[in-house]
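Take a look at the structure set out below.
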Amino acid sequence: MDDPIAVAQQLVKSAFPEAVAAYLGGSTARGEATAGSDLDLVVVRPEGYEVYRETTRHEGWPVELFVQTPSSTRAFFDWDRVNAVPSLISMCATGLTLLDADGTASELRAEAARLLAAGPAPVPAEALETRRYMLTDLYDDLLDERPEDERAVVAALVLERAAELLLSTGGHWQGKGKWMPRMLRAAHPGLGGRLLDGYRALLAGGAGAEFAAAVAEVLELCGGPLREGYRRVADAEALAGPNPPARAAEPRPEPAALPEHLVTGYLAHLGAERPKHPTVAALFALHRAHVERVPYETLDIQIGRPTTIDPLDSARRIAAGRGGYCFHLNGAFAALLTSLGYDVRRHVGGVQNAPEDPAGASANHLVLTVRCEGREFMVDVGLGDALHEPLPLREGTYRQPPLALTLEPSAAEPGGWRLAHDPLGSFTGMDFRPGPAVTADFLEQHEHLSTSPDSSFVQVSTVLRREADALEALRGCVLVRTGADGRTVTEVADREAWFALLTGRFGLVLDGPEGLDGTERDRLWAKVHGDHTAWKEATGWTAPVS
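Residue numbers (my numbering): 41 to 586.
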């Protein structure tokens, strides 16, 4: 069978009968196949199937298989944006659709096309500075007299670093291997072309003056050579790990950024101005605005309406006036902060609701850390009734009225941290790991928390909001407000009053694109009020007399 498209379709049909989507990427999909071409095949199967990459052969064709689920595809989209190399994004956005059994292929293709057009996540200023320093160091080596073989190797490294810096500075996608010159010429036909032409001339035996001049031009465009004054502190926790990285001081990857229109809408919902620069003061202001205006809420879980924890989806929900729990709130906030130029890391955390719960990072919580102005902070807008502002990432007890929050090294997660909550709070504590996390780390727990009968999110409707000096919690039909003047408890058993609380005091927009229609409101109230009535009968609880 000579037709690569027919071969790919036959392989999907025979080997993956359960697949819901498939794409053929690369030169074969573009009609540019050569004798050395293979089949780059993306196969998407339902959730629960194994995710893997495999090299195989079918009908005489070498095949590179990328076998995914919808959630893993989105997780790799996130990875592509963080690393600025659109591998899976490009295959799904520009490849040939071979299968679309239920609309998944069309949905993922549209999402990939949007991400491809939006470009990679912004590169932090610290990372750009490191790349400029490394290119300067190699550029100095290039100018030195050295043996021909050494010069050829140095020139190759210089080309790679110059391309990386030039594409990073312009906010363009990176290209690896054969894709590097393609990306470079597409993004910078003038300077990129001179860089590549000069490199070829040097390899052909030239003096290398044209190549050196092009590299110098790249450096000048990106801030000039960087030598004296460059300094980076090594990452102690990474160096102490079982596999110390080759470049421990390199800035870590960060969450994907948001499209510009979504950044604008998100900030508008927070009532916040866009900061000109990523400062500590702006970080604190954004955190305060988030916990005050975006509630921690589990209403969709109560009516069995599933949500994703894709940060882009979560940001859309927030901009439209809804909330969510930690995976949604911290996931979206991480993407917003990244879009504003902050150096953000996500971490796997674990909340313990009661003192007897085992400590450790069980992945039922997503927590953030942010490095800014030479300091590092714990950032968490997804704990409901805990942080009002970020906490310095150092041991101590921090007063955020009406709470006292204690941050200390975690005994359960070596190198990690533990937040001990105030007794007034809704949980005992939370541990988080030191290493970075990705969206896929939380998918299993999201499924459990959203659907399991054992999940408190399924059992009781919860809406929480933080104020500067108070906490408000609506659990079922019981409203609890905790402040400096004590605690008040109010039963809200009237449907109209209950929904008025959601849209008024808690600020939820329930008539927008992410809201609830009439039937969904009926179902929500029936469950919440029914659960409340059953709870009262089982416990004998009565509303306090005001």
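The beta carbon of each residue, even a glycine, is placed where N, CA and C say it ideally should be. The structure displayed is predicted, hence computed values, not measured ones.
(request) Quickly, what does DSSP pair Asp118 with across the bridge? List them, please. (result) For the purposes of this step, residue 118 is taken as residue 78 along the sequence shown, with counting starting at 1. In the DSSP output, where bridge partners are listed per residue, Asp118 has none listed.
(message) Can you tell me where the alpha helix (DSSP H) holding Phe497 begins and where it ends?
(response) For the purposes of this step, residue 497 is taken as residue 457 along the sequence shown, with counting starting at 1. Ser496 to Gln499 is the extent of the alpha helix (DSSP H) around Phe497.
(message) Are the CB atoms of Gly389 and Ala452 within a distance shorter than 7 Å?
(response) Numbered from its first residue, the sequence shown carries residue 452 at position 412. Numbered from its first residue, the sequence shown carries residue 389 at position 349. No. Outside cutoff.
(message) Among Ser379, Ile349 and Glu416, whose alpha-carbon lies nearest the alpha-carbon of Asn370?
(response) The residue labelled residue 370 in the question sits at position 330 within the sequence shown. Cα-wise, what sits closest to Asn370 is Ile349.
(message) Measuring only the C-alpha atoms, how far is Trp213 from Arg121?
(response) If you number the sequence shown from 1, residue 213 lands on position 173. If you number the sequence shown from 1, residue 121 lands on position 81. Taking the straight line from one Cα to the other gives about 8 Å.
(request) Just tell me which of Arg85, Val82, Val498 and Glu99 has its CA closest to the CA of Asp43. (result) Residue 43 sits at position 3 when you count from the first residue of the sequence shown. That would be Glu99, whose Cα lies nearest to the Cα of Asp43.
(message) My output table needs one value for Trp219: the three-state DSSP class, helix, strand or coil.
(response) Taking the first residue of the sequence shown as 1, we reach residue 219 at position 179. Three-state result, Trp219: helix.
(message) Could you check whether Gly305 and Ala359 sit closer than 7 Å to each other, using their CB atoms as the reference points?
(response) The count along the sequence shown starts at 1 and reaches residue 359 at position 319. The count along the sequence shown starts at 1 and reaches residue 305 at position 265. The answer is yes: Cβ separation under 7 Å.
(message) Quick test of your reading: Val334 and Val421, contact by CB under 8 Å. State the CB separation rounded to the nearest angstrom.
(response) Numbered from 1 along the sequence shown, position 294 holds the residue referred to as residue 334. Numbered from 1 along the sequence shown, position 381 holds the residue referred to as residue 421. Rounded, the Cβ-Cβ distance is 7 Å, consistent with contact.
(message) So for Arg616, helix, strand or coil by DSSP?
(response) This structure gives no information on residue 616, because the portion of the chain shown stretches from 41 to 586.
(message) Please classify Ala524 as buried or exposed, where buried requires at least 16 neighbouring CB atoms within 10 angstroms.
(response) Taking the first residue of the sequence shown as 1, we reach residue 524 at position 484. Classification of Ala524: exposed, given that the 10 Å Cβ count is below 16.
(request) Pick out whichever of Thr522, Ala133, His488 and Pro584 has its Cα sitting closest to the Cα of Glu151. (result) Taking the sequence shown and counting its residues from 1, the one referred to as residue 151 is at position 111. Of the listed residues, the one whose Cα sits closest to Glu151 is Ala133.
(message) Mapping the DSSP letters down to three states, classify His327 as helix, strand or coil.
(response) Translated into positions along the sequence shown, residue 327 becomes position 287. DSSP places His327 in helix when its eight states are reduced to three.
(message) Just to confirm before moving on: does the CB-CB distance between Gly456 and Arg434 stay below 7 Å?
(response) By one-based count along the sequence shown, residue 456 stands at place 416. By one-based count along the sequence shown, residue 434 stands at place 394. Contact flag unset, no.
(request) Taking Gly364 and Thr347 to be in contact with their CB atoms under 8 Å, please state how far apart those CB atoms are, rounded to whole angstroms. (result) In the sequence shown, residue 364 corresponds to position 324, counting from 1. In the sequence shown, residue 347 corresponds to position 307, counting from 1. Yes, Gly364 and Thr347 are in contact; Cβ-Cβ is about 7 Å, under 8 Å.
(request) Go to Trp101, then tell me how far its beta strand (DSSP E) extends in each direction, as first and last residue. (result) As a working mapping, residue 101 is identified with position 61 in the sequence shown. Start and end: Trp101 to Gln108.
(request) Would you tell me roughly how many angstroms separate the C-alpha atoms of Gly361 and Leu550, rounded to the nearest one? (result) Mapped onto the sequence shown, residue 361 falls at position 321. Mapped onto the sequence shown, residue 550 falls at position 510. So the two alpha carbons sit approximately 8 Å from each other.
(message) Taking its Cβ as the centre, do 16 or more other Cβ atoms sit within 10 Å of Leu459, making it buried, or is it exposed?
(response) Locating residue 459 in the sequence shown gives position 419, counting from the first residue. Buried: at least 16 other Cβ atoms inside 10 Å.
(request) Starting from the Cα of Val410, find the closest Cα among Glu484, Tyr336, Val320 and Val478 and give me that residue. (result) Walking along the sequence shown from the start, residue 410 turns up at place 370. Comparing Cα-Cα distances from Val410 to each of Glu484, Tyr336, Val320 and Val478, the minimum goes to Val320.
(request) Assign Glu448 to one of three DSSP states: helix, strand, or coil. (result) Position 408 of the sequence shown, counted from the first residue, corresponds to residue 448. Correct three-state label for Glu448: strand.
(request) Alpha carbon to alpha carbon, how far is Gly436 from Glu448? Give it in angstroms, no decimals. (result) Indexing the sequence shown from 1 puts residue 448 at position 408. Indexing the sequence shown from 1 puts residue 436 at position 396. Distance between the alpha carbons of Glu448 and Gly436 is about 7 Å.
(request) May I ask you to verify whether the segment 511 to 525 touches the segment 568 to 582, counting CB pairs closer than 8 Å and requiring at least 3? (result) yes
(request) For Arg505, collect the residues of the same chain with a Cβ closer than 6 Å to its Cβ; drop the 5 residues on either side in sequence, then sort them by chain order. (result) Residue mapping note: residue 505 aligns to position 465 of the sequence shown, counting from 1. Pro335, Glu512 and Phe546, listed in sequence order.
(request) Using three-state DSSP, classify His428 as helix, strand or coil. (result) If you number the sequence shown from 1, residue 428 lands on position 388. In this structure, His428 counts as coil in the three-state DSSP scheme.
(request) Flag this pair as touching only if the segment 534 to 546 and the segment 482 to 490 have three or more C-beta atom pairs under 8 Å; answer yes or no. (result) no
(request) Flag this pair as yes or no: are the beta carbons of Gln342 and Ser501 separated by less than 7 Å? (result) For the purposes of this step, residue 342 is identified with residue 302 of the sequence shown, where counting begins at 1. For the purposes of this step, residue 501 is identified with residue 461 of the sequence shown, where counting begins at 1. In this structure, Ser501 lies closer than 7 Å to Gln342 by Cβ.
(message) Measuring straight from C-alpha to C-alpha, what distance separates Val125 and Gly215?
(response) Along the sequence shown, one-based indexing puts residue 125 at 85. Along the sequence shown, one-based indexing puts residue 215 at 175. Distance between the alpha carbons of Val125 and Gly215: 6 Å.
(message) Need the endpoints of the alpha helix (DSSP H) that Leu243 sits in, please.
(response) Indexing the sequence shown from 1 puts residue 243 at position 203. Leu231 to Leu243 is the span of the alpha helix (DSSP H), which, as asked, contains Leu243.
(message) Quick check on the burial criterion: 16 or more other C-beta atoms within 10 angstroms. Buried or exposed for Val193?
(response) Residue mapping note: residue 193 aligns to position 153 of the sequence shown, counting from 1. Exposed, because fewer than 16 other Cβ atoms sit within 10 Å of the Cβ of Val193.
(message) Under DSSP, the alpha helix (DSSP H) around Gln214 begins and ends at which residues?
(response) Within the sequence shown, the letter at position 174 stands for residue 214. Gln214 -> no alpha helix (DSSP H), and no H or E assigned at all.
(request) Would you list the residues sitting across from Asp80 in a DSSP beta bridge? (result) In the sequence shown, the residue the question calls residue 80 occupies position 40. Its beta-bridge partners are Gly65 and Glu104.
(message) Using CA atoms only, rank isn't needed, just tell me which of Ala69, Gly76 and Ala372 is closest to Val82.
(response) Position 42 of the sequence shown, counted from the start, is the residue given in the question as residue 82. Residue Ala69 is the option with its Cα nearest to Val82.
(request) Have a look at Phe482, Arg154, Ala59 and Pro164 and flag the residue whose alpha-carbon is nearest the alpha-carbon of Gln108. (result) On the sequence shown, position 68 is the one that residue 108 refers to. Comparing Cα positions, the closest option is Ala59.
(message) Using a Cβ-Cβ cutoff of less than 7 Å, which residues in the same chain neighbour Val568 once the five nearest sequence positions on both sides are dropped?
(response) Taking the first residue of the sequence shown as position 1, residue 568 is located at position 528. Result list for Val568: Gln342, Ser501, Gly516 and Cys517, in chain order.
(request) Using alpha carbons as the reference points, say which of Pro584, Leu564 and Gly246 lies closest to Asp340. (result) In the sequence shown, counting from the first residue as 1, residue 340 sits at position 300. Asp340 has its Cα closest to that of Leu564, out of Pro584, Leu564 and Gly246.
(message) Only counting the same chain, and skipping five residues up and downstream in sequence, which positions put a Cβ closer than 8 Å to that of Arg93?
(response) Counted from its first residue, the sequence shown places residue 93 at position 53. Closer than 8 Å at Cβ, skipping near neighbours: Glu104, Leu105, Phe106 and Val107.
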